[in-house]
Structure formats: C-alpha cells, structure tokens
C-alpha cells in the first residue's frame, strides 16, 4: 500500500499555503484546525472543492477540564464528518496522578472508538517525549483507539543523545499518525529546516513504520520564518523541496 502524504495547513480558510498550491504539489491530504463551533461539513466541502481531504484534525486536550469529554465528543464527531482517520492532540499530565491520566485517556479512547477516529498523542512531554516514555504510557492506557502521533524532530528537541529511527522503533506498534519534520538535532533547537538539510533519516523512519503495517498519514509539519512570508511562491518552494525530498527517497507517490 502506498504511503499517504499529508500537510499541516492550519485552518482551511486561512491555510499556511493556499489550497490550490497544496493540490498542485500532488499532496492529497491535509491536517487542519477548526474552532469548536465551526461546521465540519462545510469545511469538508471547501477542501473537496480544492481536490483535498482532511486526514487528521487537531484537538486540544485539557486533561483536568471538567468539559474534557464533551470537547472530545465534539472534535471526534467533526473528524468523522470530515472523513479523518484520526485526531492529533498534545497531552500533558499537568501533575495529575497517572492513574487518573490513564482513566481519562481511556474515556477519550472510547469516544474515538464510537466515532471510528484514532487519538494520536504528540511527541511532547511529559507522557510521550521519547520512545520509552511513549511505550510506557501506551502500555498503561492499553486502549486500541489511543495511540501516538510520532514527530520525527520533536524527539531530538526534547531529549539528549537520541536517534529518531531508534526512538520510533520503540513505539512503532502504537503509532497512528506521524508529523514529518527535519531538525539540526540539538536539544531545544528550534531550527527545523527543509527536509534533507538536517539529521532526520526519513527513509529509516518509514522503513520501521511500514514494517509494522503503518502507511500513514505522514503529515509534513513545516515550521520557520518562511511560513509567514507574504510571498506565496517562496512559501511553495519550501513545501516543494520537502515533498521532492520524500519522493526522491521513494517514500511517497
């Protein structure tokens, strides 16, 4: 099965790169943000008109909030309407005892299961910042609809002396979505260059994940000053460089 390429665009009505440019680059899918009261069906139509579909939807995850489960009910329903395979979310314990964290994540998983949408927890502290921590968290939660959104660069940002291929191998069976990002490899180094200019072994990451049956979505999460440029052609050049690097390695169609 061909790997599914996606691109994190932000809000579809104000995307990081114009939708028609995304489509012209041959990127079939996107990861999007929506407000809690926005119409997912309308956004699905907006994307479809541009020849795109949403693969994943971003949701907040305030674990201690009394409205947590209502929030996920809302966002998982939106994701289902959009035709997404998953929710992308960043989860922090915030000092909450682990048994309570696990209980809440399992309830979120139940909501995801009801809507047939997987919950992907980002490579962020303090539950999933590296392979060992993520695997431990997944073993505790033990819910088939709660998994990992593995970030190829964040694992360097939050850890010393790691290798992204070795880290993803520790949690590969739990990965439900991926953020593709390059890095110069330093701890707390926020320089995320175009693909191929940093240390990330994208081919190695894909090999590990493909070996356990995962074929996407692989979502490009691109960061840098260029993302706020007023020159759309310059923005597109960065996105194209990243796509071409992946295609040059034979990783995506």
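In this note's numbering, the protein residues as written are 95 to 347.
Ideal Cβ placement from N, Cα and C applies to all residues, glycine included.
Quick caveat, the model's predicted, so the values are computed rather than measured.
Integer-rounded CB distance, given that residue 337 should sit under 8 Å from residue 103: About 14 Å separates the two Cβ atoms, so there is no contact after all.
Euclidean distance between Cα positions of residue 142 and residue 151: Approximately 15 Å between the Cα atoms of the pair.
Among 252, 133, 340, 251, nearest to residue 314 - alpha-carbon criterion: Relative to residue 314, the option among 252, 133, 340, 251 whose CA is nearest is 340.
Residue 265 versus residue 222 - alpha carbon distance: Between residue 265 and residue 222, the C-alpha separation is close to 10 Å.
Classification of residue 194 by the beta-carbon crowding that lies within 10 angstroms, buried from 16 upward: Flag for residue 194 reads exposed.
Beta-carbon spacing of residue 209, residue 245 below 8 Å: Cβ atoms of residue 209 and residue 245: not closer than 8 Å.
Under 8 Å between C-beta atoms of residue 190 and residue 157: It is a contact, given that the beta carbons lie within the stated cut-off.
Spatially closest choice to residue 297 from 206, 284, 258, 242, by CA coordinates: Nearest to residue 297 by alpha-carbon distance, out of 206, 284, 258, 242, is 258.
Per-residue DSSP class, three states only, for residue 248: Residue 248: helix per DSSP, three-state reduction.
CB-CB length for residue 212 against residue 177, believed under 8 Å: Beta-carbon to beta-carbon, residue 212 and residue 177 are separated by about 13 Å, too far to satisfy the 8 Å threshold.
Alpha helix (DSSP H) segment containing residue 313, residue limits: That residue, residue 313, is in no alpha helix (DSSP H); its beta strand (DSSP E) goes 312-314.
Alpha carbon of residue 149 to alpha carbon of residue 226, nearest angstrom: Cα-Cα distance, rounded: 27 Å.
Reduced DSSP category for residue 206 - H, G, I as helix; E, B as strand; rest coil: Looking at residue 206 - three-state DSSP - the assignment turns out to be helix.
N- and C-terminal bounds of the alpha helix (DSSP H) containing residue 176: 162-176 is the extent of the alpha helix (DSSP H) around residue 176.
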